[in-house]
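Heads up: the sequence shown runs through residues 58 to 396, numbered per my numbering.
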Amino acid sequence: MSANGAMPALSPPLPWLAAHTAALAAAHRRGRLPAALLIHEAPGVGGEWLALWAAQLALCTDAAAAPCAACTACRRVAALQHPDLTWMAPAEDSRQIRIEQVRDLTAELALTSHGGGYKVGIIAPADALNRFAANALLKTLEEPPARTLLALVATQPSRLPPTVLSRCQRLRLTQPTRAEALAWLAAARGTGDWNAVLDVLGEAPLLAAQADPGEVAEIGADARRTLDALAATAADPVAAAEHWTRSQLPLRLLCFENWLTERLRRSEREGAFLPELRAGPYLPGWGAFLNIRELFGLLEEVREFRTTLEVPLNRGLALEALFRRLVPSPRARSGVRQE
Ligand SMILES: [Zn+2]
Numbered sequence: 058m059s060a061n062g063a064m065p066a067l068s069p070p071l072p073w074l075a076a077h078t079a080a081l082a083a084a085h086r087r088g089r090l091p092a093a094l095l096i097h098e099a100p101g102v103g104g105e106w107l108a109l110w111a112a113q114l115a116l117c118t119d120a121a122a123a124p125c126a127a128c129t130a131c132r133r134v135a136a137l138q139h140p141d142l143t144w145m146a147p148a149e150d151s152r153q154i155r156i157e158q159v160r161d162l163t164a165e166l167a168l169t170s171h172g173g174g175y176k177v178g179i180i181a182p183a184d185a186l187n188r189f190a191a192n193a194l195l196k197t198l199e200e201p202p203a204r205t206l207l208a209l210v211a212t213q214p215s216r217l218p219p220t221v222l223s224r225c226q227r228l229r230l231t232q233p234t235r236a237e238a239l240a241w242l243a244a245a246r247g248t249g250d251w252n253a254v255l256d257v258l259g260e261a262p263l264l265a266a267q268a269d270p271g272e273v274a275e276i277g278a279d280a281r282r283t284l285d286a287l288a289a290t291a292a293d294p295v296a297a298a299e300h301w302t303r304s305q306l307p308l309r310l311l312c313f314e315n316w317l318t319e320r321l322r323r324s325e326r327e328g329a330f331l332p333e334l335r336a337g338p339y340l341p342g343w344g345a346f347l348n349i350r351e352l353f354g355l356l357e358e359v360r361e362f363r364t365t366l367e368v369p370l371n372r373g374l375a376l377e378a379l380f381r382r383l384v385p386s387p388r389a390r391s392g393v394r395q396e
């Protein structure tokens, strides 16, 4: 989801963000809308949606009902065609937001607004700002022109300099419950097996809304089969990596993360979070060869791999190396046999 792709439709509203929208609307009524928001979200929870909603709030021409969603200004914001709204994302050929883009944005924000009201800038994903770009944003954050609203949407705000973070009001978005996500998806996309989609994607309804439910469920099941087989030494890491890199790799990697998270949770339930107290480094039950530390490490590496997919590297080899970590080493296997 980005300015280049499909935008989040502003209706139906996201009930799990109601506390944030109510607080922003109240601040706006008092004339105390913050100049800079940092919207911290998990992917697919609605950060971009909230940024656009805030842009409507600031630019709506119906002061009593802002955002009314019906006036020309609100409709232009929803279509990303309001002259006082700038949406900044990485250029198509890049993963980063560059300093030139920030300079253009700050120059635009310094101009008088077309509608005689606010100027709004949305930066999404803001964690794509490189160091120089983030520093170029500082001056605007320190001395924002009157009636300016900057909304930074980030899934990993820790990638931004503390000087930037400290000048934004942080909104931490919580994930919806499964019931809230299902109700919203049914309203937004109609009936479908959204439960199966969320099982694969996690509680990320805005990602789910863009997915083909049948395809996601199929890939989720296929990925789970592969990972179970790898962990049981019943699959070949080379062939599996080749299969995964051929299609839908980002989605499959998400499945990998969920599969690992599920196992971490299971280990937690089984009390295996005290591996030091155990005689051997092996877990009981499922895949006795992976201990907690290895699981966390692997989860971190899969996440890292998923965020670097656009960087030229041999994906097949990198993925194969991750798969091999699931396969018990001969030593570990002999250890299991001895138990
Ligand atoms: Zn309006």
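Glycine included, C-beta positions come from ideal geometry on N, C-alpha and C.
Taking 8 Å as the upper bound for CB-CB distance, G103 and L74 are in contact here, some 6 Å apart. Residue pairing from DSSP places T205 in a beta bridge opposite K176.
The three-state reading of DSSP puts A146 in coil, since its state is none of H, G, I, E or B. The three-state reading of DSSP puts R155 in coil, since its state is none of H, G, I, E or B.
Just measuring C-alpha positions, the residue of T78, A146, Q213 and E105 sitting nearest A123 is T78.
Along the stretch 58-136, the alpha helix (DSSP H) occurs as fully enclosed runs of 4 or more residues at 75-86, 104-116 and 129-135, listed in sequence order. If you draw a 10 Å sphere on the C-beta of T129, you find fewer than 16 other C-beta atoms in it, and that means exposed. Proximity annotation: ligand 1 has residues C117, D119, C125, C128 and C131 in chain order, each selected because its CB is closer than 5 Å to a heavy atom of the ligand. Between L287 and A266 a beta carbon distance of about 31 Å is seen, past the 8 Å cut, so the two are scored as non-contacting.
Counting other Cβ atoms within 10 Å of its Cβ, P219 stays below 16 and is therefore classed as exposed. In the three-state reduction of the DSSP assignment, V295 falls in the helix class, which pools H, G and I.
Taking one beta carbon from each stretch, the stretch 173-186 and the stretch 212-231 have 3 or more pairs nearer than 8 Å; the two touch. In the pairwise beta carbon analysis, the stretch 354-362 is classified as not touching the stretch 277-291: fewer than three pairs are separated by under 8 Å. Annotation: the stretch 209-259 contains the following complete segments of the beta strand (DSSP E) (minimum length 3 residues), in chain order: 226-229.
Distances from the CA of R224 to each of A164, A375, D293 and L94 were compared; the closest alpha carbon is that of L94. The C-beta distance from P307 to L366 rounds to 6 Å, short enough to meet the 8 Å contact threshold. Between D141 and L116, the C-beta gap is smaller than 8 Å, which places the two residues in contact.
For the set R204, A167, F353 and L263, the Cα lying nearest the Cα of L194 is the one of A167.
L186 carries a strand assignment under DSSP once its states are collapsed to helix, strand and coil. Check the Cα spacing between Q232 and each of L310, Q305, E98 and A244: the tightest is with E98. A direct Cα-Cα distance of roughly 30 Å separates I349 from R303.
Here P91 has Q226 as same chain residues with Cβ atoms under 6 Å from its own Cβ, once five neighbours each way along the sequence are excluded. Rounded to the nearest whole angstrom, the C-alpha separation of R86 and G271 is 45 Å.
R360: member of the alpha helix (DSSP H) spanning I349 to T364, first to last residue.
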